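Just so you know, the sequences run in chain order A and B.
This note's numbering puts the first residue of the first sequence at 1378, with every later residue one more than the last.
This note's numbering puts the first residue of the second sequence at 1378, with every later residue one more than the last.
2 protein chains.
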Amino acid sequence: MAKRRPVANLLALAVLTVAVERPMHPYEMASVLRARGKDDDMPIKWGSLYTVVRNLEKHGLLEAVGTDRQGARPERTLYRVTDAGRREAADWTRELLSTPGREPSPFESGLSVMGGLGPDEVRDLLRRRLELLERQVEADRRALERERAELPRLFLLESEYALAMREAQAAWVRELLKELDAGEFPGLDAWRAYHRTCDLPADLADLAERGRPAQ
Amino acid sequence: MAKRRPVANLLALAVLTVAVERPMHPYEMASVLRARGKDDDMPIKWGSLYTVVRNLEKHGLLEAVGTDRQGARPERTLYRVTDAGRREAADWTRELLSTPGREPSPFESGLSVMGGLGPDEVRDLLRRRLELLERQVEADRRALERERAELPRLFLLESEYALAMREAQAAWVRELLKELDAGEFPGLDAWRAYHRTCDLPADLADLAERGRPAQ
DNA sequence: GGACTTATACTCGCGTACGAGTATTCGTAG
DNA sequence: CTACGAATACTCGTACGCGAGTATAAGTCC
């Protein structure tokens, strides 16, 4: 398998896509990206900006096209995207759109170690999550409404998607909570008992060792 | 703000939760986690295992309790979870369950840079994604059915959640595709034009600079 | 019994992420 | 006109992630 993305950080993709519009210096890229709210759509850490730009240059995806200087401020290097950079950005975008990745969310991870807490506490935690989730959904919905007025649909899709996913998550949690509240959840007593004694019966331990289905 | 998780890698949480059951050596932890399929629920890279265990020890969340040796194999250090480790694991789990994080998925990132490709190509890419997604949903559903027979519900929640999220994603993509196919998507021509000329009209550029609502 | 594969049990080192820090300049309120 | 906070424009160091490599031991097929 060939080398995967020469610069793996998604911030690099964001940088490439703004650099396509016109040559920029790093700080300007950051301002533009910030202004467009791209840090809501991507896991961006601004501390990585200069490292990422340097790496993009090293791999020939960006190239320096001189410096400019405003007043007495430090001089800034302007970067332009190369052909390779354009190709990389397009290819990367294609991959992101076409390939559903297997990247478990933190919540999923949380669910998978939930057994370490008792059922009553879990219920409280999930209640809290649902509450926050519902608040966020409301806020997102309002924000989207506001933006719909002034932006073409094309630029709203990622927000629409994020909202849809949050709603789906809220619905799932709500459903689970309903079961927990109604005491319908099967194995509640075993769970409670396990948590009190803090060691799981041997048969369960064996069962939990579910063999992965050969695939 | 105090230091966040002393060992941030989620693999650390997985390690702590198995070490709670009984003292283990690192390789055994890996086997148990693998056997339980935890690497489907968490973003685990096995290459990080020894680093993570060492860091957990350094921060007093695990402690070495001697070594054992089987036959002529290299000696292995046994680690036991400390009280601090137990607390950290519980606290971390609580946080994961109760706090809906803002971590954009790669697909969301993809959507947010989608404008760089033309609408026709995007349609093809999304079709491909939907197809793969539907296949995965089918596979997940079957796997879940199989596991339901032999495992208590408690251990299936994370799979149920993953399935629900995938179904929601598939539904969203399907809906979007329907719009694209029907030509209902507003601004399609502008999009196509922009992609052909490869530079976006100035008014759009301004608009795209959506100010973040203060909050 | 020798040659092959598979499982066991790690080690190493490169590259990178990114928080925290720094130095300068601009706006502005008194 | 000067003091102060905010914005500008970066730099640096450390710790961390993780792929790739390694070496031995145990099955296993002929």
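Note that CB positions come from ideal geometry on N, CA and C, so glycine has one too.
Just so it is clear, the structure is predicted and the values come from calculations on it, not from any experiment.
Sheet register partners of residue i (DSSP bridge)
i, result
"Val1458(B)", "Leu1439(B)"
"Met1401(A)", "Tyr1456(A)"
"Asp1517(A)", "DSSP lists no partner for Asp1517(A)."
"Asp1445(B)", "Arg1453(B)"
Contact with chain A by residue i, beta-carbon distance below 8 Å
i, result
"Leu1474(B)", "yes"
"Trp1423(B)", "no"
"Met1406(B)", "no"
"Pro1383(B)", "no"
"Thr1459(B)", "no"
"Thr1470(B)", "yes"
"Thr1444(B)", "no"
"Arg1506(B)", "yes"
"Tyr1538(B)", "yes"
"Asp1517(B)", "no"
"Val1397(B)", "yes"
"Asp1418(B)", "yes"
"Leu1509(B)", "yes"
"Leu1426(B)", "no"
"Val1392(B)", "no"
"Ala1526(B)", "no"
"Ala1389(B)", "no"
"Met1378(B)", "With a pLDDT of only 41 at Met1378(B), under 50, the local geometry of the prediction cannot be trusted, and no value is derived from it."
"Ala1466(B)", "yes"
"Gly1492(B)", "yes"
"Glu1434(B)", "no"
"Gly1478(B)", "yes"
Per-residue burial, residue i [other beta carbons within 10 Å of its own, 16 or more giving buried]
i, result
"Gly1424(A)", "exposed"
"Val1395(B)", "buried"
"Tyr1571(B)", "buried"
"Glu1485(B)", "buried"
"Val1429(A)", "buried"
"Arg1525(A)", "exposed"
"Thr1444(B)", "exposed"
"Asp1566(B)", "exposed"
"Val1499(B)", "buried"
"Arg1573(B)", "exposed"
"Gly1478(A)", "exposed"
CB contact below 8 Å: residue i versus chain B
i, result
"Lys1415(A)", "yes"
"Arg1530(A)", "yes"
"Ala1591(A)", "Here the model assigns Ala1591(A) a pLDDT of 34, short of 50, so the residue's position is not dependable, and the following value carries that caveat. No, no contact with chain B."
"Pro1400(A)", "no"
"Glu1535(A)", "yes"
"Pro1358(A)", "A query on residue 1358(A) cannot be resolved here, the shown segment of chain A reaching from 1378 to 1592 and no further."
"Asp1566(A)", "no"
"Asp1497(A)", "no"
"Leu1439(A)", "no"
"Leu1410(A)", "no"
"Leu1503(A)", "yes"
"Glu1485(A)", "yes"
"Ala1541(A)", "yes"
"Ala1545(A)", "yes"
Given residue i as reference, the closest of the options once Cα atoms are compared
i, options, result
"Ala1467(B)", "Val1430(B), Leu1507(B), Pro1403(B) and Leu1393(B)", "Leu1393(B)"
"Leu1521(B)", "Glu1537(B), Phe1484(B), Tyr1456(B) and Leu1531(B)", "Glu1537(B)"
"Arg1431(A)", "Gly1414(A), Arg1411(A), Arg1457(A) and Met1419(A)", "Arg1457(A)"
"Pro1483(B)", "Gly1487(A), Val1442(A), Asp1418(A) and Gly1414(A)", "Asp1418(A)"
"Trp1549(B)", "Ile1421(B), Pro1481(B), Glu1527(B) and Leu1510(B)", "Leu1510(B)"
"Arg1528(B)", "Ala1559(A), Gly1564(A), Pro1420(A) and Asp1460(A)", "Here residue 1528(B) is Leu; the residue named in the question, Arg, does not match the sequence. Looking at the Cα atoms, Gly1564(A) is the closest of the given residues."
CA-to-CA distance, residue j to residue i, given in whole angstroms
i, j, result
"Asp1416(B)", "Arg1464(B)", "23 Å"
"Val1397(B)", "Glu1556(B)", "51 Å"
"Leu1439(A)", "Val1409(A)", "17 Å"
"Arg1381(B)", "Glu1472(B)", "12 Å"
"Leu1531(B)", "Glu1544(A)", "23 Å"
"Arg1523(A)", "Leu1390(A)", "27 Å"
"Leu1388(A)", "Glu1405(A)", "14 Å"
"His1436(A)", "Thr1454(A)", "17 Å"
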